[in-house]
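Protein sequences appear in the order of chains A and B.
Once you know that position 48 of the first sequence is 72 in the working numbering, the rest is easy, because the numbers rise by one and skip nothing.
Once you know that position 150 of the second sequence is 174 in the working numbering, the rest is easy, because the numbers rise by one and skip nothing.
Everything on this sheet refers to the single structure shown next.
2 protein chains.
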Amino acid sequence: MTAPEAIKSKGEITRAIILQAALQQASVSGFESLTIGTLAEQTGLSKSGLFAHFGSKEDLQLAALDESVARFNRLAFIPALSAPRGLPRMRALIENWLTWTEKAELATCPLMAASAEFDRRDGAVRDAVERHLRRLNIECMKMIDMAKQTGDFAEDIDTEQFAFELFGIVASCNQARNLFRDKLATQRAQIAFERLVASACNPQKAAKIKTQKV
Amino acid sequence: MTAPEAIKSKGEITRAIILQAALQQASVSGFESLTIGTLAEQTGLSKSGLFAHFGSKEDLQLAALDESVARFNRLAFIPALSAPRGLPRMRALIENWLTWTEKAELATCPLMAASAEFDRRDGAVRDAVERHLRRLNIECMKMIDMAKQTGDFAEDIDTEQFAFELFGIVASCNQARNLFRDKLATQRAQIAFERLVASACNPQKAAKIKTQKV
DNA sequence: ACATAATACGAACGGTCGTATTATTATTGG
DNA sequence: CCAATAATAATACGACCGTTCGTATTATGT
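Laid out in structure tokens, this is it:
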């Protein structure tokens, strides 16, 4: 049992280099666009040399997906946990979520992109994407429940509904940023988040909104 | 100048059959997954026979995109215009937007899927996707402004912000439906929309929310 | 320093990709 | 009904796909 930060072997280093290139490529053109040849060219490896690090293209895609999850956790999720429980932590998460791709030098969040890319397909990659995003969804709901416990949110708000709208804000932010090249995208997402919070934080106000006819 | 509903030539009929198959395929696996060979097999044509209908694969993608826009307009947008101006028309649009893919027998809205698929790339397809969705965004904003004129919405709400959040609701609905297979997705989207409307329809309440610190 | 395992390479495979050219068959207007 | 034209097919091409295999090279542990 070696420590997680153990010295990397040559193979592990190469693998990391490959995954770095794969992640960058996938964040631009999608995971399905990953090709052994292009990736080999970019990393200076031979096709077969690169291929040997993964048993198949699907394994490469899965590895790239796992790597992007690891980076999201390291750059966005875990740092948010150091904020106080409740609303501050939620705010930190959404803030980090909207900005971590920049720090990671990626074109967009590979997870959300992979969601749209694979959501209507079958296979191992789709399953992995669903698993990862479902987990993130659950973590968000935990934070929402915590915010109820701390008194930041009203007890009677719909946790799943809140998470649904949260994911929508992130999705729209990505669309505004990438498709519309809107420089105000992040700001709009923050405003949307605060509006969402506002409708949940004040019990009286929240009750009014919740009980109106649909 | 023939009428738009003129009798179709054999070629036009075949082309329509091809586009139908292309649209279905694209709504499942994305526009980039469209291949001449697979499409030829599905339609019973030869590769070269099918190819002759489009000068290139890119033209095929663009034609499929245009076709999906035409269907969206026919099944979702135009019908919404028969609802009274203002909030009712907006409600009709979002309702149709969330359900038209079912009527069209597609796996998801090809436009929103194409947005996520091409938003970080370059090329004619990306440009077309941006053009189409920007137009839809503008049409949404027109409806929002109309709702201000009819008095349904407060005059001082941020039209672009409202449209931003509207697109987020649709995106989250698609994710919930397709990735999470959430049967309540449409319902959640409707609730989110009504919550969004609620924060814009009552002047006093809207003012409160808008002026809070961010 | 040496044995051994890890790592990378080059070449080749069968397939499929998009596309061009050339020929054949259907459709259609006069 | 026939000529003109549109529509489809047949065939082939080079490029790239993921993958396999045998071999060379390079680290690594002792």
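Each residue gets a CB set at the ideal place from its N, CA and C atoms; glycine is no exception.
All values reported here derive from a predicted model rather than from experimental measurement.
B:F217 versus B:I193: straight-line alpha-carbon distance, rounded: 7 Å
Cβ neighbour criterion (16 or more within 10 Å) applied to B:S196: buried
Simplified DSSP state of B:G110, which is helix, strand or coil: coil
Cα-Cα separation between B:T62 and B:K81, rounded to whole angstroms: 13 Å
Option in A:M170, A:E179, A:I41 and A:I118 with minimal Cα separation from A:A87: A:I41
Collapsed DSSP secondary structure at A:I31 in the structure displayed: coil
Residue burial classification, A:S70 (beta-carbon count within 10 angstroms, cutoff 16): exposed
C-alpha gap between B:A148 and B:L89, whole angstroms: 11 Å
Contact set between B:R159 and chain A, taken where Cβ atoms lie within less than 9 Å: Ordered by position in chain A, no residue passes the 9 Å Cβ test against B:R159, which lies about 12 Å from the chain.
CB contact below 8 Å: B:R39 versus chain A: no
Any C-beta of chain A under 8 Å from that of B:D180: no
Short Cβ contact (8 Å threshold) for A:R212 with B:Q185: yes
Interfacial residues, the region 134 to 165 of chain A to chain B, with Cβ spacing under 9 Å: M136, A137, S139, A140, E141, F142, D143, R144, R145, R150, V153, E154, L157, R158 and N161
Reference A:H94; option with closest CA among A:R144, A:T174 and A:C133: Rather than His, the amino acid found at residue 94 of chain A in this sequence is Ala. If we check each option's Cα against that of A:A94, A:C133 comes out closest.
is_contact[B:S53, chain A] using C-beta, thresh 8 Å: yes
The alpha helix (DSSP H) enclosing A:L135, as first and last residue numbers: P134 to F142
Those runs of the alpha helix (DSSP H) which lie wholly inside the region 141 to 176 of chain B and span at least 4 residues: 148 to 173
Rounded Cβ spacing between A:M165 and A:A187 (contact assumed at less than 8 Å): 5 Å
Min CB distance B:Q199 to chain A below 8 Å: yes
Range covered by the alpha helix (DSSP H) that runs through A:F78: Run containing A:F78: none; DSSP gives neither H nor E here.
7 Å Cβ shell around B:S92 - same chain, five flanking residues per side excluded: L47, P134 and L135
Buried versus exposed call for A:S53 [16 or more other C-beta atoms within 10 Å across all chains shown]: buried
Where the alpha helix (DSSP H) containing A:E189 begins and where it ends: T183 to N202
Cβ neighbour criterion (16 or more within 10 Å) applied to A:A231: Here the model assigns A:A231 a pLDDT of 45, short of 50, so the residue's position is not dependable, and the following value carries that caveat. Looking at its Cβ environment, which holds fewer than 16 other Cβ atoms inside 10 Å, A:A231 is exposed.
Neighbourhood of B:N120 by C-beta distance below 8 Å, restricted to the same chain and skipping five residues each side: L99, A100, F101, P103 and A104
Start and end residues, alpha helix (DSSP H) containing A:G68: It is not in any alpha helix (DSSP H) - A:G68 carries neither H nor E in the DSSP assignment.
Closer than 8 Å to chain B by CB, A:A131: yes
Collapsed DSSP secondary structure at A:L117 in the structure displayed: helix
Pairwise C-alpha distance: B:I215 and A:D182: 11 Å
Cα-Cα separation between A:E239 and B:P112, rounded to whole angstroms: The question about residue 239 of chain A has no answer, for chain A in this structure spans 25 to 238.
Beta-carbon proximity check, A:T210 vs A:L84, cutoff 8 Å: no
Contact with chain B by A:S92, beta-carbon distance below 8 Å: no
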